[in-house]
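Residue numbers (full-length UniProt numbering): 1 to 463.
Ideal Cβ placement from N, Cα and C applies to all residues, glycine included.
For clarity, every value in this text was computed on a predicted model and none was experimentally measured.
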C-alpha cells in the first residue's frame, strides 16, 4: 500500500486536497474484496471505501496481482491521517496500516492554489506612548472579509480582546488595535474569513524579554510569592537573599523550582533583600520584588547599656524570631542564642554580656515562623570601656597626686636654684666692691705711715 496527497481544482485557486491510496492484492477464491479506511487523527473522523470482486472473477484471477486505487478521501491542510487496508473477509485480523502527514502551506503548490493558505501580508507601526499598533493588510483573497487581532502566543495564541474585521468591500485596509503592555509573546494575527484559513502571525516585541519577569506577585495575607509569566518560558527559579559584598545572592536551601506554568512559594517574609533568581538557557537574572516598596515587617537594633549589650527587635506584625551569635568570617557557623516572640506593633529586648563584642562577632536575627526569611546581621558590636575598681582608682589617684607634687617640688627647686644663683652673683659683686675700697683706703694709710715713720726714727736717733 502506498499513500500520497493529491489536489483537485475546479478553477483558479479553488482547489481541495485528497488522500490517494494505491494498493496491490494477490487474489484467491476466498477473497471477495478489499476495504480502505482513512481516519483523521485530530478529529477521529473515519472515511471507508470498499471494492468487491465477484466469485467468478476471483477464481479466474486466482494467484494474480490486482491493483486498487482510491483518491476521494478529502482532507485538510497539515492533517495527520491513519490509513488501513484489509481483505474482505478479513482473515486473522491482518491488515496494512500507515500514517501520513498532509502537506501544509509551506508547500509551494498548496500555498498558491488553496484559498485557506492565502493568508495575506501584514505591516505594522507601533505607538508606545498610546500603547497602540496600526496594522495594514495587503495581498488578501478578494471577495472575503479579513480578521485581525492581538493575542498572546503560548501553545495557541490566546485572544486578549483586541480584534477587528476588515470588510471585503472596504477600500481602507488598515486598523488600529490597543495593547495592555509590551510582551515578547504579544503577536498580531491575520486571516481570511474562510473556514480553516491559514493565519499569518507577527510578534513586534519578540526581542523584549525583560517584561516577562514583571509578573511576580505577593499575597500578604497568605504570605505567598507567585510567578506566572504571561509568556511561556523554559526556566528554573530559586529564592535567594542579596548580601552587600559584590551583589551576591545566596540561595535558600530547597527553593529550586522548574518553571511549568506557575511557581509558588508559601510562608515568605517580604524583605527588600529577598530575591528570585531566574535562569534560562540564555542567561540568569535576579529580580527583587520588594525593593521598591517599604518593608513593613520588622527591624533589629543593638545598643550598649551599662555593662550589657541590648538587642531590640521591633515588629509591626505577630512574628517569632531566632537570634544567633556568629563569627563574621564564617556566617554559616552560628550559635543559637534565643527564640523571641514579638506581638504586632511591639518590641522585645534581649541583653547579652558586653564581652560579646568586637569586629569579628555578629548578631544574626531572622523570622522562625516562616520558611523563607532573610537573615539580618549586625556586626562590629560596640565594646564598653572597662571601669576600674575602687582600690585601683585610689592607687591611680595617689600615683597621679604624687607625680604632680614631685613635679611641683622639682619646679620650685629649679626656680629657687636660679634665684639663689642670681643672689650669690650679686653678693659677690658687692664684696668685690667693698674689698677694692678697703684696699684703696689701706694703701692711703700705709703711705701716710711711711711718711711718718722716718720722722719718728729720726727723732729717736736724736735722742
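Scanning the region 79-157 for uninterrupted beta strand (DSSP E) segments of 3 residues or longer gives 80-88, 95-101, 121-127, 132-138, 146-153, listed from N- to C-terminal end. The beta-carbon separation of residue 13 and residue 113, rounded to 6 Å, stays under the 8 Å limit for a contact.
In this structure, residue 162 sits near residue 150, with a CB-CB distance shorter than 7 Å. Taking C-beta separations shorter than 7 Å and ignoring five residues to either side along the sequence, the partners of residue 357 in its chain run 309, 381, 382, 383, following chain order.
Our two residues, residue 168 and residue 121, have alpha carbons roughly 15 Å apart in a direct line. For residue 210, the secondary structure class from DSSP, reduced to helix, strand or coil, is helix. Comparing C-alpha distances from residue 255 to each of 279, 238, 215 shows the shortest one belongs to 238. DSSP, reduced to helix, strand and coil, places residue 334 within a strand of the structure shown. When the Cα atoms are used, residue 83 and residue 36 turn out to be separated by approximately 7 Å.
Uninterrupted beta strand (DSSP E) stretches at least 3 residues long and entirely within the region 153-190 occur at 157-166, 174-178, given in chain order. Assignment of residue 225 by DSSP, reduced to helix, strand and coil, places it in the strand class.
The beta carbon of residue 183 sits closer than 8 Å to those of 152, 205, 208, 211, 212, 230, 231, all from its chain and outside the five residues before and after it, given in chain order. If the five residues before and after residue 313 are omitted, its C-beta is found closer than 7 Å to the C-beta atoms of 298, 300, 321, 340, 342, 347, 348, 365, all from its own chain and listed in chain order. Shown here, residue 249 sits in a strand according to DSSP, grouped into three states. Looking at the backbone, the Cα of residue 137 and that of residue 107 are separated by about 23 Å.
Secondary structure of residue 398 (DSSP, three-state): helix. Within 10 angstroms of the beta-carbon of residue 72 lie fewer than 16 other beta-carbons, which makes it exposed. Per the coordinates, the alpha-carbon of residue 412 lies some 10 Å from the alpha-carbon of residue 419. Residue pairing by DSSP puts residue 364 in a beta bridge opposite 324, 377. Pairing residue 145 with residue 78 gives a Cβ-Cβ distance that is not under 7 Å.
DSSP places residue 3 in the strand class (E or B) of the three-state scheme.
Scanning 62, 370, 352, 407 for the CA closest to the CA of residue 304 turns up 352. Going by C-alpha positions, residue 325 is about 40 Å away from residue 260. Cβ-Cβ separation between residue 327 and residue 361: approximately 7 Å, consistent with a contact (criterion under 8 Å).
Exposure of residue 52 is indicated by the presence of fewer than 16 other C-beta atoms within 10 angstroms of its C-beta. Considered as a whole, the region 6-36 harbours no complete run of any alpha helix (DSSP H) with no fewer than 4 residues. When DSSP states are grouped into helix, strand and coil, residue 235 belongs to the coil group.
Of the candidates 42, 318, 379, 379 places its Cα closest to the Cα of residue 329. Here residue 416 is exposed, its C-beta having fewer than 16 other C-beta atoms within 10 Å.
When secondary structure is reduced to three states using DSSP, residue 411 falls in the helix class. Taking the C-beta atoms as reference points, residue 27 is found nearer than 7 Å to residue 64.
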